[in-house]
Amino acid sequence: MEYQSQTIEKKWQEYWKQNNSFEPSEDFTQEKKYILSMFPFPSGRLHMGHVRNYSISDALARYHRQKGKNVLHPIGFDSFGMPAENAAIKNGSHPKGWTYDNIDYMKNEFYSLGFSFSRKREMATSDELYTKFEQSFIIDMYENGLLYREKGMLNWCPHDETVLANEQVVDGCCWRCDTPIVKKDMNQYYFKITKYSDELLDDLKKLEGGWPKQVLTMQDNWIGKSNGLAFDLFFDDESKAKLNGTFENFDVFTTRPDTIYGVSYTALAPEHKIVTYMIENNLLDEATIAQITKMKNTSSIDRQKEKAGLPLGLNVKHPLTGKIVPVWIANFVLMDYGSGAVMAVPAHDDRDYDFAKKYDLEINAVIKPKDADVDVSSAAFTDSGVLFNSEEFDGLNSKKSQYNIIKMFEEKELGKKTTNYKLKDWGVSRQRYWGAPIPFVHCEDCGLVMEKKENLPIALPDDVEINGEGSPLENHPTWKHCACPECGKPAIRETDTMDTFVQSSWYFLRFCASPENLEKTAFTPEEVKYWMGIDHYVGGIEHAILHLLYARFFTKVFRDLGYLDFDEPFDKLLTQGMVLKDGAKMSKSKGNTVDPDEIIAKYGADTARLFILFAAPPTQELEWNDSGVEGSHKFIKRFFDRSQNVVKTDTIPKIDHSTLSKEEKFARKKVYEALSRSEEVYGERYTFNTMIAGVMEAVNALNTQTNSDVWSEGYWILASIMEPVIPHTCWEISNTYFSLNNLSKQIVLEEVFVEDTIMMGISINGKRRGEIEVAIGASKDEILSLAKEVVAKWLEGKELVKEIVVPKKLVNLVIKG
RNA sequence: GCGGAUGUGGUGAAAUUGGUAUACACGCCAGACUUAGGAUCUGGUGCCGCAAGGCGUGGAGGUUCAAGUCCUCUCAUCCGCACCA
């Protein structure tokens, strides 16, 4: 029989569907594995990145199923989001119809690739049931002070007409459409993720070993914890008078208190409240105000190009020396970090230095290298060192003096030790239609009121006009009008919807819910206790910060709300590399995409899966290569074709190893080597490419002999090992010859590795000069004398200095002269 | 600038603890079978050299009997963060 991918693949896909082959058991006494790939956005069609993602998780799922584990390998769709609305604007489709059509199409693609997902647990986050539970969680979070509404300067994307979280601003532009963002003052809902800053940071330690180092570092940097000193700078009397007595002081933060005697000016962010006050009260001349306004309206990228600022005509007193220090506005001071004001030590900070040089401000060095003088004539000295010109702290090193100076500030109540974070609260409201409505109501009498849980879900109206102008919910004629849940009077429903990252922050918990209970609860404590944490989470590195940080945050919140009792959701994280073509990431705009459907039609799903897992280890980039795909296809054909040598059997053949020929023994050894390598690969290393290479070697070795028992045993095992990679082919072979009995746990027979003789390399001074075959029990002397014979011509006339025998590996002879 | 990686044949890549560098595959070359081959099978293929031999894991040193692997320095590429006080 010739290999017909179409026939075989259709046959088994249908079989798996009919037999519910991949549904997890509800028996919680069994050992479980929860294997999850990051769920996709239903963009329309699968791309190769998806195929790679799910090929990896499917291989792991199928492997553990063979091992007898209770495997949860679910799939869903992250189905709210802007592209559905953009499609609506572009071609008049309805976001809902567009989304669910895409889901249907993509589901078919998934099953045509043979992925072993639990069909009963399929879901989409835009399902009303999902929204219902999510809104309920939101209410809980609000009640517990983890969600709040506040007016603030927000990142606004003028193109998408919506607010963005700090995390969604990339290089000052919208992460989705690349439009430069502007700041806008408006009301917004926030999750209090900063409450968990320390825990999110500290628990990264628990993930070491399970998560890639790079991701841990990225999260660490993102949280951006830094320790230092915060203290107040007081205005002199003249400045106080200028400010009409409204401000006495402002506070600053520094991580380098050791440099404090070098302060020669201070700087405020242009958005600082003192600056705002001065502008509003006409304390600055028009030219200055114009400059400040211009500075504020400059994008963050442009602001970075050159340091700029201007003096405010105010002075503060140095907290230790009492010296008068001028106050400036500087464009490099960020309003949203620390207090939006800094003490400037140009001698020991690059930014302060540039600024001081530009405006000819004092540069006072107070730190010098341990055994040298400091020179700040051309650049700041930013290393730590030894203090001088620092009164009582002279001669101390930076570290020691930091401690002492903070202590002194605290004793004199001038300031205190402080920790700052880059992490900000997560702004979650979006002025869009296709998202989960935020379940609140604005009542004139009662203020902001939560919706009652029995009224959930607050579902989206279907009859909306989506034209890209404003918020469709805001513009809807009736939807927002409702009765206040508290007093019953007419009120206005919140028209903002939630950031889609809210849905992806808990979907993995929803998958734990038994299909029987879907209507009743989001999930039960027993269900999540059994299935979580996720044993393997597979996805792209692009989610290293946003999604993974938010999901960790939600897990901790849910723990504190009593829904679950663990700290971290993802035990092991596998970040797959990108799929490239011609050296660049596959993308429609570059026109270098390969359509999975076409590959399936031409070669079959198994070929696509094999190529993807064989061409590179999963964490590395994968270069798409058409002839490589051909090669994978050829191997499957050959593997299928050679199965003719197998004799039908329901149990693995028993073979007396001692009676076999050399080739037969070798073939068995290769088969079992492939098996033991597969254990390592599926269990811990995930380098599927090496495992597949091992199987290819085994097939090559089987091909050098004709013993039908050896063939049958070999295929019994190889079809089992390869089933997670090329499931259709392996089920076909296993069904034809083994009644599927071989798709189960395999046992490594150590006897096949026992050999009578062994090859050893001979090297002289570390250079390979020959090899010998020695009996397995040969003594060191026997080995040495044999080795010397083989390399006799190299030893002639030389003095033998040392002899090293590494058992079963090699002999190294050291010679001189 | 800070942080994280990665550098091995013509190509994708192996080498688990320092122990025969280049497994497996692609490509290429030769042969077989074929009306034909972009099918299939068999063999060859790191580089230089007729050979003996020499040289080879980005580069330079070092440790070791032995280094792709460990140490020091350096170069290149990729990714992330980036005026974070």
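Residue numbers (my numbering): -13 to 803.
Backbone N, C-alpha and C fix where the C-beta goes; we use that ideal spot for every residue, glycine too.
Chain-order list of residues whose beta-carbon lies under 8 Å from that of residue i (same chain, five-residue window excluded)
{"i": "M264", "result": "L229, L270 and L298"}
{"i": "G519", "result": "Y20, F552, E554, P555, F556 and D557"}
{"i": "I550", "result": "It is Leu, not Ile, that sits at residue 550 in the sequence shown. Same-chain partners within the cutoff: L495, P511, V514, K515, M518, T541 and F544."}
{"i": "S501", "result": "The question names Ser, but residue 501 in the sequence shown is Pro. Within the same chain, P501 has close Cβ partners K106 and R107."}
Residues that DSSP places opposite residue i in a beta bridge
{"i": "P476", "result": "A469"}
{"i": "H522", "result": "I21"}
{"i": "K181", "result": "Paired residues: none, contrary to the question."}
{"i": "K226", "result": "DSSP, once it has assigned bridges, lists no residue as partnering K226."}
{"i": "E609", "result": "L566"}
{"i": "G747", "result": "E757 and L796"}
{"i": "C163", "result": "BP columns for C163 are empty, so no partner."}
{"i": "Q174", "result": "E136"}
Beta-carbon separation (whole angstroms), residue i vs residue j, contact threshold 8 Å
{"i": "Y247", "j": "E399", "result": "About 20 Å; that fails the 8 Å criterion."}
{"i": "A316", "j": "K293", "result": "7 Å"}
{"i": "Y(-11)", "j": "K623", "result": "5 Å"}
{"i": "V667", "j": "M677", "result": "4 Å"}
{"i": "K802", "j": "E785", "result": "5 Å"}
Separation of residue j from residue i, as counted between CA atoms
{"i": "Y116", "j": "L547", "result": "19 Å"}
{"i": "T810", "j": "E266", "result": "No answer is possible for residue 810: it lies beyond the span of the chain, which begins at -13 and ends at 803."}
{"i": "W717", "j": "K93", "result": "22 Å"}
{"i": "D322", "j": "T252", "result": "17 Å"}
{"i": "M394", "j": "L193", "result": "38 Å"}
{"i": "Y523", "j": "V37", "result": "15 Å"}
{"i": "K226", "j": "H304", "result": "15 Å"}
{"i": "K309", "j": "S250", "result": "9 Å"}
{"i": "G614", "j": "L99", "result": "19 Å"}
{"i": "T85", "j": "Q290", "result": "41 Å"}
{"i": "K788", "j": "A687", "result": "39 Å"}
{"i": "K18", "j": "T605", "result": "25 Å"}
{"i": "N301", "j": "G214", "result": "24 Å"}
{"i": "A366", "j": "G138", "result": "36 Å"}
{"i": "N461", "j": "M34", "result": "39 Å"}
{"i": "S694", "j": "E736", "result": "21 Å"}
{"i": "V331", "j": "V238", "result": "13 Å"}
{"i": "L726", "j": "N39", "result": "27 Å"}
{"i": "Q52", "j": "Y701", "result": "16 Å"}
{"i": "A70", "j": "P144", "result": "18 Å"}
{"i": "E120", "j": "N441", "result": "13 Å"}
{"i": "V362", "j": "A351", "result": "7 Å"}
{"i": "K343", "j": "K571", "result": "44 Å"}
Residue i in three-state terms, based on DSSP
{"i": "D767", "result": "helix"}
{"i": "C432", "result": "coil"}
{"i": "E272", "result": "helix"}
{"i": "C716", "result": "helix"}
{"i": "V791", "result": "strand"}
{"i": "I349", "result": "coil"}
{"i": "F497", "result": "coil"}
{"i": "A327", "result": "strand"}
{"i": "V238", "result": "strand"}
{"i": "A294", "result": "coil"}
{"i": "P312", "result": "strand"}
{"i": "R416", "result": "strand"}
{"i": "M572", "result": "coil"}
{"i": "M321", "result": "coil"}
{"i": "R595", "result": "helix"}
{"i": "D244", "result": "helix"}
Residues near residue i by beta carbon distance below 7 Å, same chain, minus five either side
{"i": "F103", "result": "F8, H59, P60, I61 and F96"}
{"i": "D485", "result": "A151, V414 and R416"}
{"i": "R48", "result": "S102, E709, P710 and P713"}
{"i": "I179", "result": "L409, D411, W412 and F539"}
{"i": "L296", "result": "T274, Q277, W314 and I315"}
{"i": "V791", "result": "K766, I769, L770 and V797"}
{"i": "H529", "result": "M24"}
{"i": "D146", "result": "M68, C160, R162 and C163"}
Nonlocal neighbours in the same chain, by C-beta distance under 6 Å from residue i, ignoring five residues either side
{"i": "F379", "result": "L373 and S387"}
{"i": "W208", "result": "I531"}
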